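Q:
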Amino acid sequence: MPAERTTSSSVLAERVIAESVILLALLGWWALARQLPEFILPGPGSVFRRLVDMLITPEFLWHLFTSAWRVLVSITAAVLIGGGLAFLAHGVPWLETVVEDRIKPVLNSFPSIGWAILAAIWFNPGDFSVIFVEVAILIPFCLINISEGLRNIDRELMEMGRSFTRHRVRILWRITLPLLVPYALSAIRIAYGIAWKIALVAELLGAPSGVGYVMLRAQTAADSTTFLATCFAIVLVFAVGERLMIVPLERRFARR
Amino acid sequence: MTETGIALAHAERGRGLAARRLATHLFTLLFLAAWQIASLVAPSYLLPGPVPTAQRLWVFLTSARDLGHLGASLYHVALAIAISFAIGSLFAIIPYYLPVLRLAIERRIGPFLNSFSAIGWTLLAIMWFGVTPLTVIFAISAVLVPFALVNMSAGLANLDRETMEMAGSFTRHRWRMFALVIVPSLYPFIFATLRIMFGVSWKVTLTAELFGGNSGLGYMINLARQEFDTTTIFAAIILIIAFVHCMDRYVLDPLQANVSRHYAS
Chain A
13 MPAERTTSSS
23 VLAERVIAES
33 VILLALLGWW
43 ALARQLPEFI
53 LPGPGSVFRR
63 LVDMLITPEF
73 LWHLFTSAWR
83 VLVSITAAVL
93 IGGGLAFLAH
103 GVPWLETVVE
113 DRIKPVLNSF
123 PSIGWAILAA
133 IWFNPGDFSV
143 IFVEVAILIP
153 FCLINISEGL
163 RNIDRELMEM
173 GRSFTRHRVR
183 ILWRITLPLL
193 VPYALSAIRI
203 AYGIAWKIAL
213 VAELLGAPSG
223 VGYVMLRAQT
233 AADSTTFLAT
243 CFAIVLVFAV
253 GERLMIVPLE
263 RRFARR
Chain B
9 MTETGIALAH
19 AERGRGLAAR
29 RLATHLFTLL
39 FLAAWQIASL
49 VAPSYLLPGP
59 VPTAQRLWVF
69 LTSARDLGHL
79 GASLYHVALA
89 IAISFAIGSL
99 FAIIPYYLPV
109 LRLAIERRIG
119 PFLNSFSAIG
129 WTLLAIMWFG
139 VTPLTVIFAI
149 SAVLVPFALV
159 NMSAGLANLD
169 RETMEMAGSF
179 TRHRWRMFAL
189 VIVPSLYPFI
199 FATLRIMFGV
209 SWKVTLTAEL
219 FGGNSGLGYM
229 INLARQEFDT
239 TTIFAAIILI
249 IAFVHCMDRY
259 VLDPLQANVS
269 RHYAS
């Protein structure tokens, strides 16, 4: 890093500026909102009040919980399926090109709204439809990361493992999987971000529940306050989830 | 290290190449056959067969109106990438020259932009700008900015100190250092960034067009959806997959390889 933080006063200045940027943004928002009608841009005060209101209503919490639950299930499924495909390509030589040249590029370039629409046509609205779409969107990210990890496995370590045991499951459990952990973690991190940001589209078309549905309902009713409050609730849940899940996971596994 | 990895992969690939290629084509054929059989069982609004889809694809490629939608999507993507790349890079460069702002940008603005959902931007843009190309471009740009910010910051953090010191001993002119040393050593990162943005933009563009656009493939898919014209949806999806994959494989890949070969340290 080119910028060196040496003195404590510069650290303090950084801190002050960082917080004042937020303050300025809020102030700018407030000033802008005063000029504009409520349905275009509500002020920060009313959005905050609505956010607090919503966070204590059981209905909204239930929607939030539904979305979070779907995201978690989808990430787990996507890591398992993507990892499985990567292992298939790695372990069965003649399947390598099938995965690399057919499955990966198609899944990777498949538009997310395409999955959402297909799921809306194929399945009844509900949990399964949403999870199907989210998993389909997340698989390529997991597949790419985990197959990158498999490709970078140290050959010497594998050889050493084989000189100790002929047991394949044991090698897998003791050497391959631990070496894959950093790649799987980055896959989970990316998938987590994409799930909250992009895969929510699944809930716009395929579900009568979840925050995506709440957002669409608020938008159709031109209820900007609820809409913005929902957006901030997502930001909040995203950050909390990252703190509570992703960061501890990384701390537990990445550093050894 | 990467060099040896590539060389090994090539050597390995030499052996069962023909068998693997056969397996790949067999897989494609099997997939098409399965699709055909499934389409015979399912009604056509649920799953159109490969033949009608191919016919629709051909109509698509010869119709000026349909190609116009493809062009509109391309225009949205290109403009959004340009805008968000400029904004994201600017945000990345500011803390490099003004370190006091680092915390503000990397810990406050960055994470916020990064966790704001794409759907949120899209629906917000519809409320603000209505159903126009501006909505689509705004939504895509807003989603892409954090990607540019994160990647370009990583590039700036990885600048070689020794090279910078050398440049500093040649000139005190900041602008010259920027144009002749910093930007060229960022080329690999710039390309990686553009590539990621290209990939992500296609995931978002259609969504934005579907909800807030009056042109583009997403708009077309929306019309087709309302008419239960699943064949058109399939054709559009296949066209996008083919286009994105070909761009990635035959344009961006060689370009990036070229750039990294020249500028990699």
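Just so you know, the protein sequences line up as chains A and B, in that order.
Plus 12 on top of the position in the first sequence (first one is 1) and you've got this note's numbering.
Plus 8 on top of the position in the second sequence (first one is 1) and you've got this note's numbering.
Heads up, the beta-carbon is just placed ideally off N, CA and C, and yes, glycines get one too.
Every value quoted in this text rests on a predicted model; they were computed, and no experiment measured them.
ARG29 (chain B) and THR109 (chain A) look like a contact to me (Cβ under 8 Å); what is the Cβ gap, rounded to whole Å?
A: Contact holds; Cβ gap of about 7 Å.
Q: Note down, in chain order, each residue of its chain lying with its Cβ closer than 7 Å to the Cβ of LEU197 (chain A), except the 5 sequence neighbours on either side.
A: LEU261, GLU262, PHE265, ALA266
Q: Along the chain, where does the alpha helix (DSSP H) that runs through ARG46 (chain A) open and close?
A: Counting along the chain, the alpha helix (DSSP H) containing ARG46 (chain A) begins and ends at 20-47.
Q: I'd like the list of long-range same chain contacts for MET228 (chain B), defined as Cβ closer than 8 Å, with 5 residues on each side in sequence excluded.
A: ASP74, HIS77, THR240, ALA244
Q: Which parts of the region 83-129 of chain B are runs of the alpha helix (DSSP H), unbroken and 4 residues or longer, counting only runs that do not cross its ends?
A: 118-123
Q: Using a beta-carbon distance cut-off of less than 8 Å, what residues from the region 116-129 of chain B approach chain A?
A: ARG116, ILE117, PRO119, PHE120, ASN122, SER123, PHE124, SER125, ALA126, ILE127, GLY128
Q: Compare the C-alpha of VAL212 (chain B) against each of B:ASP237, B:ARG169, B:ILE89 and name the closest.
A: B:ILE89
Q: Given 8 Å as the limit, is there contact between the region 242-257 of chain A and the region 88-96 of chain A, that is, 3 or more CB pairs closer than that?
A: no
Q: Are the beta-carbon atoms belonging to ASP235 (chain A) and PHE60 (chain A) less than 9 Å from one another?
A: no
Q: In whole angstroms, what is the alpha-carbon distance linking LEU225 (chain B) and ASN120 (chain A)?
A: 18 Å
Q: Please check the pair LEU65 (chain B) and LEU218 (chain B), which I expect to be a contact at CB under 8 Å, by giving their CB distance rounded to whole angstroms.
A: The pair is not a contact, with the Cβ atoms about 20 Å apart (cut-off 8 Å).
Q: Whole-angstrom Cβ separation of PHE197 (chain B) and ALA162 (chain B), contact assumed at under 8 Å?
A: 7 Å
Q: If you count every other CB in all the chains shown that lies within 10 Å of the CB of TYR53 (chain B), and 16 or more means buried, which is it?
A: exposed
Q: Tell me which residue opens and which closes the alpha helix (DSSP H) that ILE65 (chain A) is part of.
A: The sequence shown places Asp at residue 65 (chain A), not Ile. Residues 56-67.
Q: Would you kindly report the start and end of the unbroken alpha helix (DSSP H) that includes SER236 (chain A)?
A: 236-253
Q: Reducing DSSP to helix, strand and coil, say where ARG250 (chain B) ends up.
A: Here the sequence assigns Ala to residue 250 (chain B), which means Arg is not the residue at that position. Helix.
Q: Find the nearest neighbour of PRO303 (chain A) within the set A:ASN157, A:PRO137, A:LEU84, judged by alpha-carbon distance.
A: Residue 303 (chain A) lies beyond the residue range present for chain A, which begins at 13 and ends at 268; the question has no answer from this structure.
Q: Excluding the 5 residues preceding and the 5 following ASN166 (chain B) in the sequence, name in chain order all residues of the same chain whose CB lies nearer than 8 Å to its CB.
A: PHE197
Q: If you measure from the beta carbon of PHE47 (chain A) to each beta carbon in chain B, is any gap under 9 Å?
A: Looking at the sequence provided, one finds Gln at residue 47 (chain A) rather than Phe. Judged by the 9 Å Cβ criterion, GLN47 (chain A) is not in contact with chain B.
Q: In or out: PHE178 (chain B) buried (at least 16 other Cβ within 10 Å) or exposed?
A: exposed
Q: Tell me, please, whether the CB atom of MET66 (chain A) is closer than 9 Å to any CB atom in chain B?
A: no
Q: Residues in its own chain within less than 7 Å of PRO56 (chain B) by CB, not counting five upstream and five downstream?
A: Closer than 7 Å at the Cβ level, and outside the excluded window around PRO56 (chain B), lie SER47, THR238, THR239, PHE242.
Q: Under 9 Å, do PRO119 (chain B) and ALA80 (chain B) count as touching if we go by C-beta distance?
A: no
Q: For a contact defined as C-beta to C-beta under 7 Å, what are the partners of ARG233 (chain B) on chain A?
A: ILE129
Q: The alpha helix (DSSP H) with SER161 (chain B) in it runs from where to where?
A: 141-165
Q: Output needed in chain order: residues of the region 22-43 of chain A with a Cβ under 7 Å from some Cβ in chain B.
A: SER22, ALA25, GLU26, ARG27, ILE29, ALA30, VAL33, ILE34
Q: The region 209-228 of chain A: which residues have C-beta closer than 8 Å to a C-beta of chain B, in chain order?
A: LYS209, ILE210, LEU212, VAL213, LEU216, GLY224, MET227, LEU228
Q: Using Cβ-Cβ distances below 8 Å, what residues of the region 95-127 of chain A are close to chain B?
A: PRO105, TRP106, LEU107, GLU108, THR109, VAL110, ASP113, ARG114, PRO117, VAL118, ASN120, SER121, PHE122, PRO123, SER124, ILE125, GLY126
Q: To the nearest angstrom, how far is the alpha carbon of ILE204 (chain B) from that of TRP134 (chain A)?
A: 31 Å
Q: Per the contact definition of three or more C-beta pairs closer than 8 Å, is the region 74-84 of chain A in contact with the region 212-231 of chain A?
A: yes
Q: Cα-Cα, which of A:VAL33, A:PHE144, A:GLY161 is closest to ILE187 (chain A)?
A: A:GLY161
Q: Does the beta carbon of HIS84 (chain B) sit closer than 9 Å to a beta carbon anywhere in chain A?
A: no
Q: Are LEU169 (chain A) and LEU191 (chain A) touching if we call contact CB-CB under 9 Å?
A: Going by beta carbons, LEU169 (chain A) and LEU191 (chain A) fall inside the 9 Å limit.
Q: By how many angstroms is the C-alpha of VAL104 (chain A) removed from the C-alpha of GLU171 (chain A)?
A: 19 Å
Q: Compare the Cα-Cα distances from ILE200 (chain A) to each of A:LEU92, A:VAL181, A:PRO137 and report the closest residue.
A: A:LEU92
Q: Consult DSSP for PRO60 (chain B) and reduce its assignment to one of helix, strand or coil.
A: helix
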